[in-house]
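Order-wise, the sequence lines are chains A and B.
Numbering of the first sequence is given in the working numbering, commencing with residue 12 and proceeding in unit increments.
Numbering of the second sequence is given in the working numbering, commencing with residue 3 and proceeding in unit increments.
Yeah, the Cβ is synthetic: ideal placement off N, Cα and C, and Gly gets one too.
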Amino acid sequence: DAGITQSPRYKITETGRQVTLMCHQTWSHSYMFWYRQDLGHGLRLIYYSAAADITDKGEVPDGYVVSRSKTENFPLTLESATRSQTSVYFCATGQGRNQPQHFGDGTRLSIL
Amino acid sequence: DQQVKQNSPSLSVQEGRISILNCDYTNSMFDYFLWYKKYPAEGPTFLISISSIKDKNEDGRFTVFLNKSAKHLSLHIVPSQPGDSAVYFCAATYSGTYKYIFGTGTRLKVLA
């Protein structure tokens, strides 16, 4: 049981391209989250979802789009990638308030 | 505005000694706090948490202390082991939200 699977693990693309990062969970947790990790900033929330078809913005949502048509999937799309979006992206799931979130192993994205 | 701060980017400790990692927060509404550990090329893993109704929580070698008046929490690892070498993030949340705010992380190195 993989729990949370992120794909791809590594991605290199060019500015202006659209890129989608995938996140799949097998736990049926209601909540799913996308974070980016950057030096000096720690983990910052991009978007989150409380259930299928319910999404909301986090701290740094600009330039990103999410969808959640199925409970187990939560893709993150960069519609027109910029160099400032070079980062490590983590997907996480959670069962509710005051419950730990569980993280995937991340996607390292480089935008040239 | 960094609501959760980890002012020490790095810490080195001898094996067998105590490691103390610190975290300060500014938002008095935070009522649940967590510590995560992160190894390179992996996602953060949950370590220990504490509710604001407590001032201490213990789990094996790991103890988290919460000082609400000082808006400060700390993670104690006793005894420290080389396998504890990782980046440690503190996180906080409050009633009415499912979002966590993370600190910038402290890199712990335990020397054999």
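Report task. Consider the Cβ of residue 28/B: report whether some Cβ of chain A lies at a distance smaller than 8 Å. Result -> Judged by the 8 Å Cβ criterion, residue 28/B is not in contact with chain A.
Query raised in the report: Where does residue 48/A fall in DSSP's three states?
Result: In the structure shown, residue 48/A sits in a strand (DSSP, three-state: E or B).
Query raised in the report: Taking Cβ-Cβ distances below 8 Å as the criterion, which residues of the segment 52 to 76 of chain B are in contact with chain A?
Result: The segment 52 to 76 of chain B vs chain A, Cβ under 8 Å: 53.
**Report entry** Closest Cα partner of residue 96/B within the set 103/A, 82/A, 117/A and 110/A
**Finding:** Check the Cα spacing between residue 96/B and each of 103/A, 82/A, 117/A and 110/A: the tightest is with 110/A.
Query raised in the report: What does residue 17/A pair with, by DSSP beta-bridge criteria?
Result: Per DSSP, 34/A.
Query raised in the report: If we count the other Cβ atoms within 10 Å of its Cβ and call it buried at 16 or more, is residue 12/B buried or exposed?
Result: Flag for residue 12/B reads exposed.
Query raised in the report: the segment 101 to 115 of chain A: which residues have C-beta closer than 8 Å to a C-beta of chain B, in chain order?
Result: Listed by position, the residues of the segment 101 to 115 of chain A near chain B (Cβ gap below 8 Å) are 101, 103, 105, 107, 108, 109, 111, 112, 113, 114 and 115.
Query raised in the report: What number of angstroms, rounded off, separates the C-alpha of residue 87/B from the C-alpha of residue 93/B?
Result: If you draw a straight line from the Cα of residue 87/B to the Cα of residue 93/B, it is about 19 Å long.
Query raised in the report: What is the residue span of the beta strand (DSSP E) that residue 26/B lies within?
Result: Run containing residue 26/B: 21 to 27, per the beta strand (DSSP E) assignment.
Query raised in the report: Under a CB-based cut-off of 8 Å, is residue 36/B close to chain A?
Result: Yes - at least one Cβ of chain A is within 8 Å of the one on residue 36/B.
Query raised in the report: Considering only residues of the same chain and omitting the five flanking positions on each side of residue 61/A, which have a CB-CB separation below 7 Å?
Result: Excluding positions up to five away in sequence, the list reads 41 and 42.
Requested in this report: Note down, in chain order, every chain A residue with its Cβ under 7 Å from the Cβ of residue 91/B.
Outcome: Within 7 Å of the CB of residue 91/B, the CB atoms of chain A belong to 53 and 54, in sequence order along the chain.
**Report entry** Straight-line gap, residue 72/B to residue 23/A (C-alpha atoms, nearest Å)
**Finding:** Between the alpha carbons of residue 72/B and residue 23/A lies a gap of roughly 44 Å.
**Report entry** Distance between residue 22/B and residue 63/B (C-alpha atoms, nearest Å)
**Finding:** Computed Cα separation, rounded: 12 Å.
Requested in this report: Look up residue 116/A in the DSSP assignment and say whether it is helix, strand or coil.
Outcome: Residue 116/A: coil per DSSP, three-state reduction.
Requested in this report: Put residue 86/B into one of helix, strand or coil per three-state DSSP.
Outcome: DSSP places residue 86/B in helix when its eight states are reduced to three.
Query raised in the report: Tell me the DSSP bridge mates of residue 91/B?
Result: DSSP output for residue 91/B lists 38/B as bridge partner(s).
Query raised in the report: What do you get for residue 82/B, buried or exposed, if any count of 16 or more other CB atoms within 10 angstroms of its CB means buried?
Result: Here residue 82/B is buried: its Cβ has 16 or more other Cβ atoms, across all protein chains shown, within 10 Å.
**Report entry** CB contact check: residue 106/B to chain A, cutoff 8 Å
**Finding:** So yes, residue 106/B belongs to the interface.
Requested in this report: Just confirm the distance between the C-beta atoms of residue 63/A and residue 82/A, as a whole number of angstroms; I'd bet it's less than 8 Å.
Outcome: Indeed, because the Cβ distance is near 5 Å, the residues count as touching under 8 Å.
Query - Residues near residue 56/A in its chain [Cβ-Cβ closer than 8 Å; skip 5 each side] - result: The residues are 44, 45, 46, 69, 70 and 71.
Report task. Count the CB pairs spanning the segment 17 to 37 of chain A and the segment 76 to 93 of chain A that are closer than 8 Å, and state whether there are at least three. Result -> Yes: at least three Cβ pairs fall under 8 Å.
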